[in-house]
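Visitor: Take this structure first; my questions come after.
Protein chains: 2
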Amino acid sequence: MNEFEIISRYFSKLSSKNHSALNLNDDVFFDKSKKLVVSVDTYVEGTHFINFRYPELVIKKILRSSISDLICKGVIPKYYFISGSGDKRSFSRKNLKIISKSLKKEQNKYSIFLGGGDTVYSKKLSFTITSVGFSKKIIYRNNAKLHDDIYVTDNLGDSFIGLQVLKKKISLNKDLSNYFIKKYFQPILQVKISKKLISFANTSIDISDGLIADLEKLINKQKLTYKLFLESIPISKNLNKLINLNITKKLTSVSEGDDYQILFTASPSKSRIISKTSKSLGIKISKIGKICAYNQKSEIINEKNKKIALKNKGYYHKF
Amino acid sequence: MNEFEIISRYFSKLSSKNHSALNLNDDVFFDKSKKLVVSVDTYVEGTHFINFRYPELVIKKILRSSISDLICKGVIPKYYFISGSGDKRSFSRKNLKIISKSLKKEQNKYSIFLGGGDTVYSKKLSFTITSVGFSKKIIYRNNAKLHDDIYVTDNLGDSFIGLQVLKKKISLNKDLSNYFIKKYFQPILQVKISKKLISFANTSIDISDGLIADLEKLINKQKLTYKLFLESIPISKNLNKLINLNITKKLTSVSEGDDYQILFTASPSKSRIISKTSKSLGIKISKIGKICAYNQKSEIINEKNKKIALKNKGYYHKF
């Protein structure tokens, strides 16, 4: 059973439909009457981050991953709670100082502050982050319309290469290594676009599990399919280099997640305002596909106009 | 370093004083402008609960422990988020069914619902619960006044005996065992008194670490001391039996925590309204001591009017 099955089978009935809250199929909780948006995520060493050798980077990464859930829904995060379980070594004075400093930097960068938290003793290191924001509206999941265009912000795939470098599965020169590792640990969150998003996006999600996996999650309760154009999926020049050198494949790299870019759909009539927004904010927004009718099959089309199959759709937390 | 030192040394500066939020020395986070109250707690197997042999009871216990943080501040909990880390055995289909059923029962009992959560794979079982409520006002910590009376709701100490029975450190007959184990797993939360509390309590806390430890926490930033009268501390008839049989000592039992009763201070002028509230709600509220001047020493007075010393002040999460 993966976590989606767990949620729908055992816990959906525990949420309330009377309080305008989202059902548990969404990534954030929304109390419309209170305008409150909450996201809760747990990060375990070995699963969500490799190890705690660089506490500063791990803390940055997981905090960004958490607030990304709000940002992609058009909500500006206001504060967060962090609860750490770990042993004396993980929470040594030196590490605590580093953690505190790292959080401070992120707070300044994203104008958020620490609401509270908890530190408990455990042999296994993990963090739970609760992010809170306020908004009258949010962009829901499963709200794509037939013939919507599919968009994504910035570039995808760099983060995956960074992880492969860290895992020593890919070896690159120092400059390239540093470039990709930085992309892995410090994904760029599209805060500026967040508030604009509500005016044109029908549905949205952040890419944490991989482009394909998250696109499928985005419309998993809808009778819709998608067509993606591989050529249109935006990647960095550096990633393009690796693809040309046959070090990685494009579809693989963008399907592995950890990008924290925003994936959304919008009516073709919004095409102009989206490219205007992209220019005015200086944020790359690429049209990468279409939402299609249910009687078609979801497909990915390569540069030769051929359908391609995907082996691994991305990351699912399995039990 | 215990968790209080960690919080004050490394994380206090990360919270905001501009947003009317409490500083991290308090048990809950309060955003006055949004009337939002949040409590985050992590519960680790082996530290906060013995094991997961009875998932139903563990889930009830930790959920009550979490919402108790709001209730003792005069805030009615509205929803909660639960994030579980564990292995396949802990989150087997059978256990998930039990967990879901147990949460459902608690939801009905306390009129709360599940806002969301996360399930992740980890070798070590732990849960993080975020509880949320809304209130214009809350009762702060460190707001006792000189000469305040000290009060506590219901009885203390039963939960500790239940834990000793579970750990096989005390052996009792079946009826008594069941009585104390139930008190350990299913503490009675004083929801009814919660909203009234704001009209008479100056400062409050729930007893999770033990009467003395929590009383000291309650006024740890104030230049005040306390005098407690051992005889006035309320205990059950069953606990009294064990004391008479020399199986446990009164001060020990009430100092070990897990009671989730409300400890508060109030001006002597509120004495009448408190006893009226107690009668009208049918909830026992006992006056157990006084808040005293800083030039005195905090002390506990026994039935023979003698000062007594305490070896173990309660439970601190140590690192």
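Here the protein sequences come in this chain order: A and B. One point on numbering: in numbering that gives the first Met the number 0, the residue at position 55 of the first sequence is 54, and numbering is uninterrupted. One point on numbering: in numbering that gives the first Met the number 0, the residue at position 217 of the second sequence is 216, and numbering is uninterrupted. C-beta: ideal position from N, C-alpha, C; glycine also.
1) Can you find a C-beta in chain A that's less than 8 Å from the C-beta of F48/B?
2) With 8 Å as the threshold, decide whether the Cβ of G209/B is near any Cβ in chain A.
3) When DSSP labels each residue in this structure, what does Y53/A get in the three-state scheme?
4) Could you check how far apart the C-beta atoms of S193/B and I70/B are, in whole angstroms? I think they sit under 8 Å.
5) Measuring straight from C-alpha to C-alpha, what distance separates T276/B and I49/B?
6) Let me know the alpha helix (DSSP H) ranges lying completely inside the region 43-119 of chain B, each 4 residues or longer, listed in chain order.
7) How is the alpha helix (DSSP H) around D213/A delimited, first residue to last?
8) For the region 257-289 of chain B, which residues have a CB atom closer than 8 Å to at least one CB atom of chain A, in sequence order?
9) Quick one: which residues of the region 51-83 of chain A get their C-beta closer than 9 Å to a C-beta of chain B? List them in chain order.
10) Where does A265/A land, buried or exposed, given buried means 16+ other C-beta within 10 angstroms?
11) Residue range of the alpha helix (DSSP H) that G161/B falls in?
12) On a CA-only basis, which of I98/B, F112/B, N219/B, F10/B is nearest R8/A? Give me that one, please.
13) Determine the burial state of A20/A: buried for a count of at least 16 other Cβ atoms within 10 Å of its Cβ, exposed for fewer.
14) Measuring only the C-alpha atoms, how far is T118/B from K93/B?
15) May I have a chain-ordered list of the alpha helix (DSSP H) segments no shorter than 4 residues that lie completely inside the region 220-291 of chain B?
16) If you count every other CB in all the chains shown that lies within 10 Å of the CB of F318/B, and 16 or more means buried, which is it?
17) Of the choices V190/B, Y139/B, L227/B, whose alpha-carbon is the least far from that of Q221/B?
18) If you follow the beta strand (DSSP E) that E9/A is part of, which residue opens it and which one closes it?
19) Measuring alpha carbon to alpha carbon, tell me which of D25/A, A212/A, T129/A, D86/A ends up nearest T202/A.
20) Identify the continuous beta strand (DSSP E) that holds S193/B and give its terminal residues.
21) Would you check if the distance between the CB atom of I284/B and the CB atom of L227/B is smaller than 8 Å?
22) Whole angstroms are fine: how far does the CA of F159/A sit from the CA of Q185/B?
23) Which whole-angstrom value is the C-beta distance of L262/A and S252/A, which I expect to be below 8 Å?
24) Looking at the C-beta of P117/B, does it have a partner C-beta in chain A at a distance below 8 Å?
25) Leaving aside the five residues before and after I58/A along the sequence, list all residues of the same chain whose C-beta is less than 7 Å from its C-beta, in chain order.
26) For chain A, find out if any of its Cβ atoms is closer than 8 Å to the Cβ of K104/B; answer yes or no.
27) Report the neighbours of K296/B on chain A: residues whose CB is nearer than 7 Å to its CB, in chain order.
28) So, for K122/A: in the same chain, excluding its five sequence neighbours on each side, which residues have a beta-carbon less than 7 Å away from its beta-carbon?
29) How would you list, in chain order, the residues of chain A whose beta-carbon sits under 9 Å from the beta-carbon of D40/B?
30) So if I threshold CB-CB distances at 8 Å, which residues from the region 129-154 of chain B count as touching chain A?
31) Going along the region 179-209 of chain A in order, which residues come within less than 7 Å of chain B, judged by CB to CB distance?
32) How about S82/A and V39/B: are their beta carbons less than 8 Å apart?
33) For A212/A, count the other beta carbons within 10 Å of its own beta carbon; 16 or more makes it buried, fewer makes it exposed. Which is it?
34) Taking only beta-carbon positions, decide if V36/B is within less than 8 Å of chain A.
35) Is DSSP giving I187/B helix, strand or coil here?
36) Under the DSSP definition of a beta bridge, which residues are partnered with E298/B?
Guide: The answer reads as follows:
1) no
2) no
3) coil
4) 5 Å
5) 37 Å
6) 54-70, 92-109
7) 210-217
8) none
9) K77, Y78, F80, I81, S82, G83
10) buried
11) 157-165
12) I98/B
13) Confidence in A20/A is poor, its pLDDT being 49 and thus under 50, which makes the residue's placement too unreliable to answer from.
14) 16 Å
15) 236-243, 249-253, 270-280
16) Any reading at F318/B must be qualified, since the residue scores a pLDDT of 41, below 50, and its modelled position is unreliable; no value is offered.
17) Y139/B
18) It should be pointed out that residue 9/A corresponds to Tyr in this sequence rather than to Glu. Note, Y9/A: premise wrong, no beta strand (DSSP E); not H, not E.
19) D25/A
20) Run containing S193/B: none in the beta strand (DSSP E); it sits in the alpha helix (DSSP H), 190-196.
21) no
22) 46 Å
23) That belief does not hold up - the Cβ atoms of L262/A and S252/A are roughly 16 Å apart, past 8 Å.
24) A small fix is needed here, since residue 117/B is Asp in this sequence, not Pro. Taking Cβ atoms only, chain A reaches closer than 8 Å to D117/B, which makes this a yes.
25) I98, S101, L102
26) no
27) Neighbours of K296/B on chain A: none; closest Cβ ~31 Å, over 7 Å.
28) D86
29) S82, D117, V119
30) T129, V131, F133
31) none
32) yes
33) buried
34) no
35) coil
36) K226/B
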